[in-house]
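Peer 1: One structure, as structure tokens, below. Some questions next.
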Amino acid sequence: GQTCLDACSDVGYGCAARWFDALNTCPALRAAFPEAKDCRTGVMGVDLPAYRPSTGDVMVNANPKDYRALCSSHDPQTKRLCGCGFPVGGPLSSRTFHTVYSVQASQYFEWQVRYMH
7 GQTCLDACSD
17 VGYGCAARWF
27 DALNTCPALR
37 AAFPEAKDCR
47 TGVMGVDLPA
57 YRPSTGDVMV
67 NANPKDYRAL
77 CSSHDPQTKR
87 LCGCGFPVGG
97 PLSSRTFHTV
107 YSVQASQYFE
117 WQVRYMH
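Numbering (my numbering) for the sequence shown: 7 to 123.
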């Protein structure tokens, strides 16, 4: 699939890596990919969280401290769950974020969450 840089850019936003921790959960992945059959929590990688259509699994990064999710990472067999936090060319912070997963540029999943301190 696409990188989060590309997926966010396709909808006019920049990738905000700080949101990967909030998105790295089974509930967030299941909300983005309701067709998922199972949530795997024992995998690691800089291209997670993600959905693998071939197996129907969503995958949570089991070790995000050592395998920190990168906006530039991608795997051709998965669709990533990306935190897109600010409009391209706009302010560098936002109290909401848009989550976009890697699908055709004309179709995307958008999920807004209020940021709480």
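Every residue, glycine too, gets a C-beta built ideally from N, C-alpha and C.
Computed from a prediction, not measured in an experiment: that's the story for all the values here.
Can you have a look at Pro-82 and say buried or exposed, based on whether 16 or more other CB atoms are within 10 angstroms of its CB?
Peer 2: To locate residue 82, count along the sequence shown from 1; it is residue 76. Pro-82 is exposed by the Cβ-count criterion.
Peer 1: On the criterion of 16 or more Cβ atoms from any shown chain inside 10 Å, does Arg-74 qualify as buried, or is it exposed?
Peer 2: For this step, residue 74 is matched to residue 68 along the sequence shown. When all chains shown are included, Arg-74 counts as exposed.
Peer 1: Does DSSP put Pro-93 in a helix, in a strand, or in coil?
Peer 2: Counting from 1 along the sequence shown, the entry for residue 93 is found at position 87. In the structure shown, Pro-93 sits in a strand (DSSP, three-state: E or B).
Peer 1: Considering Asp-16, what are the terminal residues of the alpha helix (DSSP H) in which it resides?
Peer 2: What you label residue 16 is simply residue 10 of the sequence shown in a count that begins at 1. Looking at the DSSP string, the run of the alpha helix (DSSP H) that includes Asp-16 is 10-16.
Peer 1: Are the beta-carbon atoms of His-80 and Asp-53 separated by less than 8 Å?
Peer 2: The residue you call residue 80 lines up with position 74 of the sequence shown. The residue you call residue 53 lines up with position 47 of the sequence shown. It is a contact, given that the beta carbons lie within the stated cut-off.
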